[in-house]
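Colleague: Just so we're on the same page, the numbering used here is the position in the sequence shown counted from 1, plus 78. If you scroll down you'll find the structure; I have some questions about it.
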Amino acid sequence: MPDTSPPLLALAGGAGSGKSTLAVALAAARPATAVVHLDACFHHDTSRAPCVPVIGGEGVGVDFSDPASIDRARVEEAIGAALATGRLVVVEGTFALTLPYVRDRARWTAYVDVPADIRLARKTLRKLRASEDPGAALLGYLAHGRAAHERHVEPTARYARLLLDGTAPIPQLVGELGRFLG
């Protein structure tokens, strides 16, 4: 019996694993691909999301390391709009396999696995390239990000039908994903 689930790939992995880069590269290799970035679907109102103390400041900010900070309505709207095109949809984000309403809709699931030290180095370099001080991100990682990854993200690798080595070159990973998708 043919698979009738929507043509949706849920692509997860920790911050700095290369998910976004891989999703964009896959879309370039398969031009009829739409990408939904879960990073664009967070709540920004502290009254609607879990919060943590602001590092080096006062008050609280949205805890972006908690999946409850994702705006489900925004995610479902983005997925619905992308699926309406009839194209392959890649939903990429740290919580792509954490959120049942994403994971359960996916025909394909993949997890980009990268050691924590490499992910942290990549995230720090990203901040530096953007001329941002990586200090707050590093302190946040130490204060709660590392534990949140171990609690919310790492265990979801078990839902992936394809485990990718995120230290491999992007063209190689695009090839692996292409074979997986068929």
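We treat Cβ as the ideally placed atom computed from N, Cα and C, and that holds for glycine. Remember, it's a predicted structure, so these values are computed and weren't measured experimentally.
#1: Does any residue of chain D bring its CB to less than 8 Å from the CB of R224?
#2: Hey, could you find the ends of the beta strand (DSSP E) T111 is sitting in?
#3: With H, G and I counted as helix, E and B as strand and the rest as coil, what does DSSP make of P131?
#4: Using beta-carbon positions only, say whether A93 and T172 come within less than 8 Å of one another.
#5: Alpha carbon to alpha carbon, how far is G137 from D144?
#6: What does the alpha-carbon distance come out to for the pair I157 and V102?
#7: In the DSSP assignment, find the beta strand (DSSP E) that holds T187 and state where it starts and stops.
#8: Are the beta-carbon atoms of L100 and A174 separated by less than 8 Å?
#9: Please say whether T187 and R108 have beta carbons closer to each other than 8 Å?
#10: Do R183 and P84 have their beta-carbon atoms positioned less than 8 Å apart in this structure?
#11: Distance check for E155 and F120, CA to CA, integer angstroms please.
#12: Any idea what DSSP makes of D243, helix, strand or coil?
#13: Which value, in whole angstroms, describes the spacing of the CA atoms of R257 and R229?
#14: Below 8 Å, how does it come out for the segment 158 to 168 and the segment 112 to 129: are there three or more Cβ pairs, yes or no?
#15: Residues bridged to A226 by DSSP?
Modeller: Taking the geometry as given:
#1: No chain D is part of this structure, which consists of one protein chain only.
#2: As a first step, residue 111 must be located in the sequence shown, where it is residue number 33. 111 to 115 is the span of the beta strand (DSSP E), which, as asked, contains T111.
#3: Taking the first residue of the sequence shown as position 1, residue 131 is located at position 53. Of the three classes helix, strand and coil, the one that applies to P131 here is strand, per DSSP.
#4: Stepping through the sequence shown from its first residue, residue 93 is reached at position 15. Stepping through the sequence shown from its first residue, residue 172 is reached at position 94. Cβ distance < 8 Å, so A93 and T172 count as in contact.
#5: In the sequence shown, counting from the first residue as 1, residue 137 sits at position 59. In the sequence shown, counting from the first residue as 1, residue 144 sits at position 66. When the Cα atoms are used, G137 and D144 turn out to be separated by approximately 18 Å.
#6: Here residue 157 refers to the residue found at position 79 when the sequence shown is read from its first residue. Here residue 102 refers to the residue found at position 24 when the sequence shown is read from its first residue. If I take the Cα positions, the gap works out to 16 Å.
#7: As a position in the sequence shown, residue 187 is number 109, starting the count at 1. Per DSSP, T187 is one residue of the beta strand (DSSP E) stretching across 186 to 191.
#8: Counting from one through the sequence shown, the residue named residue 100 turns up at place 22. Counting from one through the sequence shown, the residue named residue 174 turns up at place 96. No, they are not a contact pair.
#9: Here residue 108 corresponds to residue number 30 of the sequence shown, with the count starting at 1. Here residue 187 corresponds to residue number 109 of the sequence shown, with the count starting at 1. Not in contact: R108 and T187 (Cβ atoms no closer than 8 Å).
#10: Translated into positions along the sequence shown, residue 84 becomes position 6. Translated into positions along the sequence shown, residue 183 becomes position 105. Result yes, Cβ atoms of P84 and R183 sit closer than 8 Å.
#11: Residue numbering aside, residue 120 sits at position 42 when the sequence shown is read from its first letter. Residue numbering aside, residue 155 sits at position 77 when the sequence shown is read from its first letter. About 13 Å.
#12: As a position in the sequence shown, residue 243 is number 165, starting the count at 1. Strand at D243.
#13: On the sequence shown, position 179 is the one that residue 257 refers to. On the sequence shown, position 151 is the one that residue 229 refers to. Spanning the two alpha carbons is a distance of roughly 31 Å.
#14: A contact exists between the segment 158 to 168 and the segment 112 to 129.
#15: Along the sequence shown, read from residue 1 onward, the residue named residue 226 stands at position 148. Residue pairing from DSSP leaves A226 without any beta-bridge partner.
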